[in-house]
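First residue of the sequence shown? That's 1432 in the numbering used here, and the numbers climb one at a time after it.
One structure below.
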Amino acid sequence: MNMTQGNHVTEEGYFGDFGGSYVPDQLEGVLARLHQFFQTFKDDPEFLEEYEEYLQEYVGRENPLTYAERLTTKLNGAKIYLKREDLNHTGAHKINNVIGQILLAQKMGAHRIIAETGAGQHGVATATACAMMNMDCVIYMGKEDVRRQELNVFRMELLGAEVISVEQGGGRLKDAVDEALKDFVENYESTFYLLGSAVGPHPYPSIVHHFQAVISKESKQQILLKEGRLPSAVIACVGGGSNAIGAFSHYINESDVRLIGVEPVEAATMTHGTPAVLHGFKSLCLQDEEGNPLPTESIAAGLDYPGVGPEHSSLQHTKRAEYMAVTKKEVLHAFQEVARTEGIIPALESAHAIAQVIKMAPSMDKDDILIVNLSGRGDKDVAEVKKLLEE
Ligand SMILES: *Cc1c(COP(=O)(O)O)cnc(C)c1O
């Protein structure tokens, strides 16, 4: 029962030239131990059965692959299907990975989960699953983010998590990562560091791929049942790259299926990034001439990151996947278009993938099928979109 499909990864965690582990010595041993446990349990039938039961009973999987009939008619080209990660408990794909990693943590004997969060989405998903699975939960958050995301801080506290406001440095995501890593090294026997996207040092990108692969495992079965054939393309937004790698996974070895990742032009790492080591791994990164990560400014908090998971850098390098960028205007249009034609308000992140579909579907054949990964629901973004539309 092998869940993960596709790309080859070396023992050291390299996808082609990208990935690996660039961390201090103390952390190296801790990550090696994590890798060992992951190898032991990733395809263990009992472990997977437990994981799948949580997905079914708590997350609400499998979620539908919805035919977007009105959007298809309106665009008058390829047939469009939406993979409904927005219908998961907590409203996005992040919970798939969170539950998998907590189960792994329990196998390792940890009773305490730590994570860092920027906008708060990963923090809320982690606090949610920790409450249900009876784990202590500590969320590190930069003090600036604590101030801006007051409501998410309260949500995490309601769920029983302790939110630590990080005053060091600029009080941003990077500083929260540093503090969380320090905690991890000091407390690794009792504590598990839960990473929220397909980034970070080896073995995290492989772990996140493994637990998000359920998205394409389901969508492939669903499309074969509905259409009797595979899609022409699978399209997903890319921040760190976890929903995209999950949406791509079971199609990577199907060379006739195009894989398309979509980023904001304001954070187009795949288009303008150059190779660098950032946050403990080698990948494409937006950087200035001195090698400092460039500030990004996306309207979608989940895509506002100057780096990307190493597997995506490799998929682009080998030309197995294509990466494109869409503008804020195209995203706002897509957001409203799915709301009006399909009765679904998508997350602003997911609206990036839809914006790309709106650009490409009309010139495609009516026999073509597109699967768009609707990574999350848009309730969290409604106030922001109202403000943007009024400007
Ligand atoms: C966090 C998030 C993303 C971006 O993260 P990836 O790791 O690139 O998937 C995309 N969509 C939603 C709804 C999110 O919450």
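All residues carry an ideal CB built from backbone N, CA and C; glycine is no exception.
No heavy atom of ligand 1 is found nearer than 7 Å to the CB of Glu-1459.
Separation of His-1710 and Tyr-1736 (C-alpha to C-alpha, rounded to the nearest whole angstrom) is 12 Å. Closest by C-alpha distance to Lys-1818, out of Leu-1763, Lys-1514, Ala-1778, Pro-1476, is Leu-1763. Residues of the same chain with a CB within less than 6 Å of the CB of Phe-1623, apart from the 5 flanking positions on each side, are Ala-1536, Ala-1541, Ile-1544 in chain order. Remark: C-beta atoms of Val-1608 and Glu-1649 do not approach each other more closely than 8 Å. Beyond the five residues adjoining it in sequence on each side, Gly-1631 comes within less than 7 Å, by CB distance, of His-1710, Gly-1711, Phe-1712 in the same chain, given in chain order.
Within the same chain, Ile-1545, Ala-1546, Glu-1547, Tyr-1571, Tyr-1624 come within 8 Å of Ala-1611 by CB-CB distance, once the 5 residues on both sides are set aside. Look at Asn-1674: its beta carbon is less than 7 Å from one of the heavy atoms in ligand 1. Taking C-beta atoms under 8 Å as the contact rule, Ser-1781 and Leu-1805 qualify, at a distance of about 5 Å. Residue environment for Ser-1714: buried (at least 16 other C-beta atoms within 10 angstroms of its C-beta). Ligand 1 never approaches Glu-1697 closely enough for any of its heavy atoms to be under 7 Å from the residue's Cβ. For Asp-1576, no beta strand (DSSP E) segment is defined; the enclosing uninterrupted segment is the alpha helix (DSSP H) at 1574–1579. A straight line joining the alpha-carbon of Ala-1699 with that of Val-1669 spans about 9 Å. Using a 10 angstroms sphere on the CB of Ser-1621, the tally of other CB atoms stays under 16, which defines it as exposed. For the pair Arg-1808 and Asp-1614, the CB atoms are not nearer than the 8 Å cut-off. Around the C-beta of Ser-1794, fewer than 16 other C-beta atoms lie within 10 Å, and the residue is accordingly described as exposed.
Asp-1796 places its beta carbon less than 8 Å from that of Ala-1509. Nearest to Gly-1740 by alpha-carbon distance, out of Ala-1731, Ile-1638, Lys-1759, is Ile-1638. Relative to ligand 1, the beta carbon of Cys-1668 is positioned inside 7 Å of a heavy atom.
Residue state for Gln-1599 is assigned as coil, using DSSP reduced to three classes.
Distances from the CB of Gly-1807 to the heavy atoms of ligand 1 include at least one below 7 Å. For secondary structure counted as the alpha helix (DSSP H) over 4 or more consecutive residues, the region 1718–1774 holds these complete runs in sequence order: 1741–1748, 1759–1773.
Beta-bridge partners assigned by DSSP to Val-1788: none are found. The continuous alpha helix (DSSP H) containing Lys-1648 extends over residues 1645–1658. Spatial neighbours of Gly-1447 in its own chain (CB-CB distance under 7 Å, excluding positions within 5 residues in sequence) are listed in chain order as Ser-1745, His-1748, Thr-1749. Distance between Glu-1480 and Met-1564, taken at the CA atoms: about 16 Å. Counting only residues of its own chain and dropping the five nearest sequence neighbours on each side, Ser-1596 has a CB closer than 7 Å to the CB of Met-1572, Lys-1574, Val-1577. A Cβ-Cβ separation of about 4 Å places Leu-1725 in contact with Leu-1717 under the 8 Å criterion.
Between ligand 1 and the CB of Leu-1582, the shortest heavy atom gap is not smaller than 7 Å. Assignment of beta-bridge partners to Pro-1695 by DSSP yields Val-1757. Here Gly-1531 is not near Cys-1568, since their CB atoms are 8 Å or more apart. Bounds of the beta strand (DSSP E) holding Leu-1709 are 1705–1709.
If you look at Asn-1804, you'll find it in the beta strand (DSSP E) that goes 1800–1805. Cβ contact annotation for Val-1454 (same chain, cutoff 7 Å, sequence separation greater than five): Leu-1462, Pro-1632, Gly-1711, in chain order. Contact check for Lys-1505 against Val-1803 fails: the beta carbons are separated by 8 Å or more. In the structure shown, Thr-1504 falls within a helical segment according to DSSP collapsed to helix, strand and coil.
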